[in-house]
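Heads up: the sequence lines are chains A and B, in that order. So the first sequence is numbered by the numbering used here: it starts at 1 and just counts up by one. So the second sequence is numbered by the numbering used here: it starts at 1001 and just counts up by one. By construction, the Cβ of each residue, glycine as well, lies at the ideal position given by its N, Cα and C atoms. Model, not experiment: these values are computed from the prediction.
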Amino acid sequence: MLALHEVHTHYGLAHILSGVSMEVRRGEVVALLGRNGAGKTTTLKTVMGLVTPTSGAVRLGDEEITGRPPYRIARAGVGYVPEDRRIFTELTVRENLEVGRQPPREGCPVWTEDRVFELFPALAEMRDRLGGQMSGGEQQMLTIARTLMGNPAVILLDEPSEGLAPVIVEQMARAISELKREGLTVLLSEQNLPFCSAVSDRAYIIEKGVIRYEGPMQELLARPQVLEAYLSV
Amino acid sequence: MEFYLVQALNGLASASSLFLVASGLSIIFGVTRIVNFAHGSFYMLGAYIAYTLVQALPTGAVGYWLAVLGAAVAVGLIGAAVELLLLRRIYRAPELFQLLATFGLVLVVADLVLLIWGPEDLLGPRAPGLRGSVMILGEPFPTYELFMIALGPLVLAGLWVLFHRTRWGTLVRAATEDREMVGALGVNEAWLFTSVFVLGSFLAGLGGAVQLPREAVNHTMDLHIIAEVFVVVVVGGMGSILGAFLAAVLISELNAFGILIFPEITLVLVFLIMAAVLIFRPWGLLGRPEGPPRTPAGEFEPPLRLLGRGFLYFCLAVLASAAVLPHLLPTYYIRIACEVLISALFATSLGFMMTVGGMASFGHAAYFGLGAYGAALAVTYAQVGTGLGLLAALGLGLAGAVLFGYFCVRLSGVYSAMLTLAFAQIVYAVLFQWYGITGGDNGLLGIWPSDWVSSPLAYYYLTLTVVAVSLFLLRRLAFAPFGYSLRAGRDSALRSEAIGIHVRRVRWVGFVIAGFFAAAAGGLFAFLKGSVFPDYSSIPVSVDSLVMVLLGGVQTLSGPIVGAGVYKVLEVFVNRYTEHWQLILGCVLVGLVILFPQGLLGYLVGRFGRSGEEWRGVDGAPAGGRAS
Ligand SMILES: Nc1ncnc2c1ncn2[C@@H]1O[C@H](COP(=O)(O)OP(=O)(O)OP(=O)(O)O)[C@@H](O)[C@H]1O
Ligand SMILES: [Mg+2]
């Protein structure tokens, strides 16, 4: 469904991704694990076209999307949920959702305002509240809901559990499983291993811009030395 | 009592017209982050096109209002063309280059208007159906002014509905906050930008078109309104439409009543109000604080380099040739050489503040003009010689820079730059309006140098000495501890504060230094020309200085000198062959910004500085020769 092939990305002169290749198959939830600064966000931004790779290719289905502007990548079916949430603080919840709304896409689950409110009931109760007046957890729900309104085929989630209370993290995990049931493909960047292991099918580990490990989630959990080497701090 | 009411109503009518233009500027800035200098030109075009359409369409109400609407639509389309052909290419360029490009447009439009419609004032017909007047408390009041009073709030309401009740409006408001995110959600930002630009231009065009029955259409409308609009937008808060409305009412009422109390200095009143608002609300009445400017990923400002011995020899060689030069030139060219030197100083003073201080000014001519008038007033009223005259120039320039700088450094980025323009307009207005002292637009004549420097050659050497010493001092200042503090403040105000630098004060001093040396240039210029005019502090002169700096490139201290040289020589030669210097300059500016967004010297250094030997001696330190 989504594939990166030998992707190199630079910020100015700094070489951040050095030949990242990975694949996310249709309907899978794949975790991208790594320490702070490993390059997770950069990988997702590269897929989204927010940074342009210096070489390599990103493919969505059969289409090559490398180098396209972000709006076209979004319209091709990639949904992006940024790490810092980037809620429009001066817009209400409903207006935030409106910005994300795109026409239905063939073969992808169709989302409406009512349906995202079903997924995140808490949002339904504050539909006219300004984005700037919401808690971190509420904003995290809103940013996912906003992306869903674009009816994506693949969704890129950047550390959705970061800085959230355990109860909310659990809700997030439930929501992600729900999305998977709907048939959505998910690429999840995370540092929170328990959260990831609850929802993901497979995992990649990235370190200093290089993929160090790839395999089913269950296998990774059975290899403490790998976890020790690349994830523990 | 009745009289005051009528005066208040007059104020409201003017407010509407100001609001139409200001709201357009504000909307465009909100989304594109571009301060569109050409907005006043769009307003002027609206008036001219309406004038022509009214002539062309059948007389009567339908024809008239069609003409007004048609003019607004036409300006909207011109806006679309400008956005698609020009701005789209430069959204990622540094802010100042975007400005420079829109400056270029101002010049092009100004000359085209002269070409098409000629220099005479054009009087449009009055609006059919709104020709008469109504009695208000026994005083007659023009019906058209009532229409204007209603128009402002109507447009405000219309914009509110558009922004809060349509998907387009929601997207625009979202893009105002975070353009990139809007794009990542699948919205084609490029078209959003174009449509916003069209709306803004349409409003400016409408503002110009409805002006037809109120004032004669003329070719100075563009710069006249842009200064007022900047004041309105800064006071109201960039990007806030309601703020623009409130500020337009405030400023217009102030003008309406100020004119009764101090007819000569209404602008000073406006200035006082603006100052008061900005002290208490630095982002305007309804504006939101700007976040720290986001440098695009991976871009950084290369450090200024202390230049090696090669550069020193180069400077000495230039100085020596400058000293010999006048012996090889006819007298006429000596005067031009003086002008070039003065421009180099003027441009470098601005360059100092921009490069080292990171502060831009749209109104640097204020200090040039103050310097020139300082000298001229001292000569006229105290009959002093050239030496004391130059000191008076420095004194007046210093005073102006201290006063205006105090306010400008309290703001940042575009706010501060727009404020500098407003101050320059105030200086201009005072010089223009204070007829008894400054001679108004007749200026002050007979400001000739004293006997010891009365020959062109002697004056040339005086100029060369003052300019060389000033340039040396500016350079030394940039690499003195003060210069480092200033640069630290430029790169990160927060971190500088944390290590104990009083950033605002350091900036203020930097601003004053820049004004001081600009005044020196102004003083020299007064004696060179033998006369002074309010034009010395007008917007075009400010633009000149900015163009010279940006031509040379803001990354280097010596860039402005190169820029000034190229610019002045070009001006002299182009002026000889054609009257359309503005048109050509405008096109050149637009072209340069598109081709070399780093400036000329910046481009050359970037291109050859690393590998080519030839530029080492000019502005590239030998390897490893960074400032220590
Ligand atoms: N805009 C930028 N300019 C320069 N370097 C950057 C930029 N953004 C990130 N980096 C660098 O790129 C590297 C990878 O950053 P990235 O944000 O992808 O890491 P991450 O794995 O998402 O980390 P975290 O868990 O902290 O979010 C880091 O070393 C970071 O310092
Ligand atoms: Mg990250």
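So for residue i, helix, strand or coil by DSSP?
i, result
"A3(A)", "strand"
"I1334(B)", "helix"
"S18(A)", "strand"
"I1049(B)", "helix"
"R202(A)", "strand"
"P216(A)", "strand"
"A31(A)", "strand"
"R1294(B)", "Note that R1294(B) scores a pLDDT of 41, beneath 50, so its modelled location is shaky and nothing firm can be said."
"D1178(B)", "coil"
"E1339(B)", "helix"
"A57(A)", "strand"
"E159(A)", "coil"
"T1059(B)", "coil"
Expressed to the nearest angstrom, what Euclidean distance is found between the alpha-carbon atoms of residue i and residue j?
i, j, result
"I1501(B)", "I1279(B)", "21 Å"
"I1116(B)", "Y1048(B)", "10 Å"
"N1010(B)", "M1148(B)", "9 Å"
"V99(A)", "N192(A)", "30 Å"
"S55(A)", "T46(A)", "11 Å"
"L1091(B)", "I1034(B)", "Reading the sequence as shown, one finds Tyr at residue 1091(B) and not Leu. Their backbone Cα atoms lie some 8 Å apart in a straight line."
"R1088(B)", "A198(A)", "46 Å"
"V1532(B)", "M1274(B)", "29 Å"
"A1417(B)", "S232(A)", "50 Å"
"L1589(B)", "L148(A)", "45 Å"
"A1157(B)", "A1248(B)", "15 Å"
"G1617(B)", "R1288(B)", "Because G1617(B) sits at a pLDDT of 30, beneath the cut-off of 50, its placement in the model cannot be relied upon, and the point is left open."
"Y80(A)", "Q218(A)", "26 Å"
"Y1460(B)", "L1286(B)", "52 Å"
"P1292(B)", "D1491(B)", "Since pLDDT at P1292(B) reaches only 47, below the 50 mark, its modelled position is unreliable, and the value read off the structure follows with that caveat. Rounded to the nearest angstrom, the two C-alpha atoms are 11 Å apart."
"R25(A)", "D201(A)", "10 Å"
"A1056(B)", "W1065(B)", "13 Å"
"E1215(B)", "T66(A)", "56 Å"
Quick one: residues in its chain with C-beta nearer than 8 Å to the C-beta of residue i, no 5 flanking neighbours on either side, listed in chain order?
i, result
"Q1007(B)", "A1256, F1257, L1260"
"G1387(B)", "S1450"
"F195(A)", "S161, V169, M172, A173"
Just the chain A side, please: which residues come within less than 9 Å of residue i by C-beta, in chain order?
i, result
"M1238(B)", "Neighbours of M1238(B) on chain A: none; closest Cβ ~14 Å, over 9 Å."
"R1092(B)", "Neighbours of R1092(B) on chain A: none; closest Cβ ~13 Å, over 9 Å."
"R1167(B)", "E98, V99, R101"
"E1497(B)", "Simply none; closest approach about 25 Å."
"T1194(B)", "None at all; the shortest Cβ gap to chain A is about 14 Å."
Counting only Cβ pairs nearer than 7 Å, list the residues of chain B close to residue i.
i, result
"E162(A)", "In chain order: nothing, as chain B lies at least about 18 Å away."
"G150(A)", "L1185, G1186"
Mind pulling the chain B residues with CB within less than 8 Å of residue i?
i, result
"F88(A)", "R1173, A1174, E1177, D1178, M1181"
"E63(A)", "Within 8 Å Cβ-Cβ: nothing; E63(A) doesn't reach chain B, min ~15 Å."
"R129(A)", "What R129(A) touches in chain B: nothing, since even the nearest Cβ is about 16 Å away."
"R246(A)", "Outside the shown range of chain A (1 to 233) lies residue 246(A), about which nothing can therefore be said."
By Cβ distance, which residues of its chain are closer than 7 Å to residue i, with the 5 residues on each side in sequence left out?
i, result
"S1611(B)", "Model confidence at S1611(B) stands at a pLDDT of 35, short of 50, so the residue's coordinates are unreliable and nothing is read from them."
"T42(A)", "T9, I16, L17, V51"
"A1072(B)", "G1046, F1202, G1205, L1206, A1209"
"Q1098(B)", "I1034, I1090"
Between the beta-carbon of residue i and the beta-carbon of residue j, is there less than 8 Å?
i, j, result
"A38(A)", "E207(A)", "yes"
"S1364(B)", "L1377(B)", "The amino acid at residue 1364(B) is misidentified as Ser; the sequence shows His. No."
"G1523(B)", "A1372(B)", "yes"
"L1390(B)", "A1366(B)", "no"
"R75(A)", "Q102(A)", "yes"
"G1208(B)", "L1045(B)", "yes"
"M22(A)", "L33(A)", "no"
"A1190(B)", "L1394(B)", "no"
"V1427(B)", "G1400(B)", "yes"
"D1535(B)", "V1543(B)", "no"
"P152(A)", "G1183(B)", "no"
"I1027(B)", "I1226(B)", "no"
Excluding the 5 residues preceding and the 5 following residue i in the sequence, name in chain order all residues of the same chain whose CB lies nearer than 6 Å to its CB.
i, result
"Y213(A)", "I205, V226"
"T1102(B)", "N1036, F1037, A1038"
"G209(A)", "I16, L17, S18, G39"
Give the residues of chain B in contact with residue i, contact being defined as C-beta atoms less than 9 Å apart.
i, result
"A74(A)", "G1183, A1184, L1185, G1186, V1187"
State yes or no: is the beta carbon of residue i nearer than 8 Å to at least one beta carbon in chain C?
i, result
"Y71(A)", "Of the protein chains in the structure, A and B, none is chain C."
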